[in-house]
Amino acid sequence: MATVETLYLPHYPSYPIYISLFKNVSNAKFLRQQLLEANAAFEYAFLDGTMILSPRHLHAATFRALNDSVYNRLKSRNIHSELVFSLSPNNNIADAYRRFGIQDSTTSLLAIKIPLSNPEITAESVSKHLGDAVEGESVAFGEEALKGVTDVKALRKGVILGMMALKGT
Amino acid sequence: MSTAPPTIGATTPLPLPSPFTHSPLTLLTQGAEALVFRTTLLNAATPVALKYRPPKPYRHPLLDKRLTRARLLAEARVLVKCAREGVQVPEVVAVGVEEGWVALGWVEGGTVRGVLDGYTPSHPPSHPPGEQKDGQREEVLMGLMGRVGRAVGRMHEVGVCHGDLTTSNLMVRRKEGEKAQEHFETGGGHHTAGLEGLDGEIVLIDFGLATQSIQDEDRAVDLYVLERAFAATHPVAEPLFREVLRAYGESYKGAKVVLRRLEDVRMRGRKRSMLG
Ligand SMILES: Nc1ncnc2c1ncn2[C@@H]1O[C@H](COP(=O)(O)OP(=O)(O)OP(=O)(O)O)[C@@H](O)[C@H]1O
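Each protein sequence line maps, in turn, to chains A and B.
Numbering (full-length UniProt numbering) for the first sequence: 1 to 169.
Numbering (full-length UniProt numbering) for the second sequence: 1 to 276.
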């Protein structure tokens, strides 16, 4: 079983978002392969933890993806790819995956699941599935846990958020 | 079809776009163009000023949408540019371009307008001199004016002209951990400040009419508008504004030229249309 945080964004109280953070992940290559093969059991946004500055950084991208999903105007395949896309300050989905998505070399992994209106997916089911699928150390997601993970040099506060909010417009 | 200006929100509850439709929002101000609410976005620790430009029923819907979109984007782009260049402005937290809203990081504090309002009536120039508190207050106020001048100078230096530089659009950010003053929290933009609130950083807000410009004329008009705003507050604000200009003049290369241009603008003695 993995530690899962259930997030509710302000103004979207009926859409739970499940977040798990893993360190020392050893099977990133396998996990990434499941995404490439579009394995239905692996409908997640798998992010490289080093590229996430703070919970708020993630919240901003999640809000954007969720909002665009509710308005039916996703620019990519589904809400999980849209989340990766939303993190990027530019309009190139491949570039977004390369920069923010899981790589074969990823060791700090953020797994996010947004079930939208699927009641079968719960914190419990996510916890079980990720616990089985990810080989790594599950840690509670939060400001503190991210501190040792983020590659701050690659990112700069405020600017990123502002550019994220504006890209694609 | 009605051709009258919208009275939306004045008497009837305004339908806000999703996801705010059913959210309890606190209405702060209702200007001609926008409604400003206080709420949180992203998480409970991120208070924002939600600025919503409602559709104008007297305008063609398609045109209206395009105009609103263009304005929102222009405002947000200028804010991001300022932030990147280190000019103190609210952070752009999220934008709903199609729906007509922008969420800006909440600036905790009062406005310079509130400071001046609180200052002049209770401390007239005829006030018995020699009171230590007044001297101290004068000094703190002058410090604040210096920061106003430098903040405006910095904005101009990075190539942005504000377009509506009034004392309501200059906020004084309360220092972290500083006690919240009750009168800071209420009302929209007409806060008053005690001595305690005056040493904060200046944050420029409301870039709805801002342009990316390095023209001396545009810069001088910004200063002129600000000067009129000071004058409108109270005559004793004049020495305060002199300090704003002094600090401005020293804040960047090219500022002196703008100050000379300001004299031309004054002489023309007319307020240029702020819509440019
Ligand atoms: N980021 C912010 N943080 C705190 N308060 C804010 C912020 N933005 C706006 N406000 C408050 O809301 C008021 C109105 O905001 P703003 O001037 O941006 O809206 P506006 O409708 O464009 O105004 P106007 O009609 O005067 O042009 C401000 O005077 C201020 O009190």
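All C-beta atoms, glycine included, are put in the ideal place defined by N, C-alpha and C.
- If contact means a Cβ-Cβ distance below 9 Å, which residues of the region 80-96 of chain A contact chain B? If the cut-off is 9 Å between Cβ atoms, the region 80-96 of chain A has nothing near chain B.
- Task: Using a Cβ cut-off of 8 Å (strictly closer), state whether B/Leu259 contacts chain A.
- Result: For this step, residue 259 of chain B is matched to residue 259 along the second sequence. Cβ-Cβ to chain A under 8 Å: no for B/Leu259.
- Message: So that I know if they touch, is there some Cβ in chain A lying closer than 8 Å to that of B/Arg77?
- Response: Translated into the one-based positions of the second sequence, residue 77 of chain B becomes position 77. At a cut-off of 8 Å between C-beta atoms, B/Arg77 counts as an interface residue with respect to chain A.
- Spatial neighbours of B/Val92 in its chain, beta-carbon cut-off 6 Å, leaving aside the 5 residues before and after: Taking the second sequence and counting its residues from 1, the one referred to as residue 92 of chain B is at position 92. Here B/Val92 has Ala76, Leu79 and Val80 as same chain residues with Cβ atoms under 6 Å from its own Cβ, once five neighbours each way along the sequence are excluded.
- Message: Does the distance between the C-beta of A/Val25 and the nearest non-hydrogen atom of ligand 1 fall short of 7 Å?
- Response: In the first sequence, the residue the question calls residue 25 of chain A occupies position 25. Checking the 7 Å criterion, the Cβ of A/Val25 is out of range of every heavy atom belonging to ligand 1.
- Item | Proximity winner among A/Arg156, A/Asp151, A/Thr3 and A/Leu166, relative to A/Thr107 (alpha-carbon distances) | Here residue 107 of chain A refers to the residue found at position 107 when the first sequence is read from its first residue. Closest by alpha carbon: A/Asp151.
- Task: Quick one: grab the DSSP three-state call for A/Ala45.
- Result: Locating residue 45 of chain A in the first sequence gives position 45, counting from the first residue. Looking at A/Ala45 - three-state DSSP - the assignment turns out to be strand.
- Item | Own chain partners of B/Asp222 with C-beta closer than 6 Å, once the 5 adjacent residues on each side are dropped | For the purposes of this step, residue 222 of chain B is taken as the residue at position 222 of the second sequence. So the list reads Cys161, His162 and Leu165, once near-sequence residues are dropped.
- Query: Rounded to a whole number of angstroms, what is the C-alpha to C-alpha distance between A/Gly148 and A/Ser138?
  - Reply: In the first sequence, counting from the first residue as 1, residue 148 of chain A sits at position 148. In the first sequence, counting from the first residue as 1, residue 138 of chain A sits at position 138. A/Gly148 and A/Ser138 have their C-alpha atoms spaced approximately 14 Å apart.
- Report yes or no: do the region 58-78 of chain B and the region 202-211 of chain B share at least 3 C-beta pairs separated by less than 8 Å? Contact holds: three or more Cβ-Cβ distances are below 8 Å.
- Task: Give every residue of the same chain whose Cβ lies closer than 7 Å to the Cβ of B/Gly254, excluding the five residues on either side of it in the sequence, and list them in chain order.
- Result: Translated into the one-based positions of the second sequence, residue 254 of chain B becomes position 254. Leaving aside the five residues that flank B/Gly254 on each side, none in its chain has a CB nearer than 7 Å to its CB.
- Return no unless some Cβ of chain B is closer than 8 Å to the Cβ of A/Asn67. Residue 67 of chain A sits at position 67 when you count from the first residue of the first sequence. True, the Cβ-Cβ gap to chain B drops below 8 Å.
- Query: At what residue ranges does the region 79-167 of chain A contain a whole run of the alpha helix (DSSP H), taking only runs of 4 or more?
  - Reply: The region 79-167 of chain A contains these whole alpha helix (DSSP H) runs: 79-87, 93-100, 123-133, 143-147 and 159-166.
- Per-residue burial, B/Thr46 [other beta carbons within 10 Å of its own, 16 or more giving buried]: Against the second sequence, residue 46 of chain B aligns to sequence position 46. With a 10 Å radius around the Cβ and a threshold of 16 neighbouring Cβ atoms, B/Thr46 comes out buried.
- Query: Among residues of its own chain, excluding the 5 on either side of B/Arg266, which ones have a beta-carbon nearer than 6 Å to its beta-carbon?
  - Reply: By 1-based counting over the second sequence, the position of residue 266 of chain B is 266. Once the five neighbours on either side are set aside, B/Arg266 has no close Cβ partner at all.
- Residues of the region 45-72 of chain A whose Cβ lies closer than 8 Å to any Cβ of chain B, in chain order: If you check each beta-carbon in the region 45-72 of chain A against every beta-carbon of chain B, the ones closer than 8 Å belong to Pro55, Arg56, His59, Ala60, Phe63, Arg64, Asn67, Val70 and Tyr71.
- Exposure of B/Leu144, with buried meaning 16 or more beta-carbon neighbours within 10 Å: The sequence position of residue 144 of chain B within the second sequence is 144, counting from 1. The residue in question, B/Leu144, is buried, as its Cβ has 16 or more Cβ neighbours within 10 Å.
- Message: Is it buried or exposed, A/Lys113, if we count other Cβ atoms within 10 angstroms and call 16 or more buried?
- Response: Taking the first sequence and counting its residues from 1, the one referred to as residue 113 of chain A is at position 113. By the neighbour-count rule (16 or more Cβ atoms within 10 Å), A/Lys113 is buried.
- Item | Beta-carbon proximity check, B/Leu95 vs A/Thr62, cutoff 8 Å | On the second sequence, position 95 is the one that residue 95 of chain B refers to. On the first sequence, position 62 is the one that residue 62 of chain A refers to. The sequence shown places Val at residue 95 of chain B, not Leu. With respect to the 8 Å criterion, B/Val95 and A/Thr62 are not classified as neighbours on the basis of their beta carbons.
- Message: Could you pull the DSSP bridge partners for A/Tyr15 from this structure?
- Response: Position 15 of the first sequence, counted from the start, is the residue given in the question as residue 15 of chain A. In DSSP, A/Tyr15 forms no bridge with anything.
- Task: Could you name the residues of chain B that A/Pro10 contacts, counting a contact when the two beta carbons are closer than 9 Å?
- Result: Against the first sequence, residue 10 of chain A aligns to sequence position 10. Within chain B, the residues near A/Pro10 are Pro19, Ser23, Thr39, Thr40, Leu41, Leu42, Asn43, Ala44 and Thr46.
- Between which two residues does the alpha helix (DSSP H) containing B/Ala103 stretch? Within the second sequence, residue 103 of chain B is the residue found at index 103, counting from 1. Per DSSP, B/Ala103 is not a residue of any alpha helix (DSSP H); the beta strand (DSSP E) it occupies stretches across Trp101 to Gly105.
- Can you tell me which of A/Thr122, A/Ile79, A/Gln33 and A/Glu5 puts its alpha carbon nearest to the alpha carbon of A/Asp104? For the purposes of this step, residue 104 of chain A is taken as residue 104 along the first sequence, with counting starting at 1. A/Gln33 is the residue among A/Thr122, A/Ile79, A/Gln33 and A/Glu5 whose C-alpha sits nearest the C-alpha of A/Asp104.
- Query: Under 7 Å from any heavy atom of ligand 1, does the C-beta of A/Gly162 make it?
  - Reply: Numbered from its first residue, the first sequence carries residue 162 of chain A at position 162. For ligand 1, not one heavy atom lies less than 7 Å from the Cβ of A/Gly162.
- Message: Please state the DSSP three-state secondary structure of B/Val221.
- Response: As a position in the second sequence, residue 221 of chain B is number 221, starting the count at 1. DSSP places B/Val221 in helix when its eight states are reduced to three.
- Query: Beta-carbon of B/Pro73 versus every beta-carbon of chain A: anything under 8 Å?
  - Reply: Along the second sequence, one-based indexing puts residue 73 of chain B at 73. Looking at the sequence itself, residue 73 of chain B is Leu, so the reference to Pro does not match. Chain A has a Cβ within less than 8 Å of the Cβ of B/Leu73.
- Alpha-carbon spacing of B/His190 relative to B/Glu98, whole angstroms: To locate residue 190 of chain B, count along the second sequence from 1; it is residue 190. To locate residue 98 of chain B, count along the second sequence from 1; it is residue 98. Its pLDDT being 43, under 50, B/His190 is placed unreliably by the model, and nothing is read from it.
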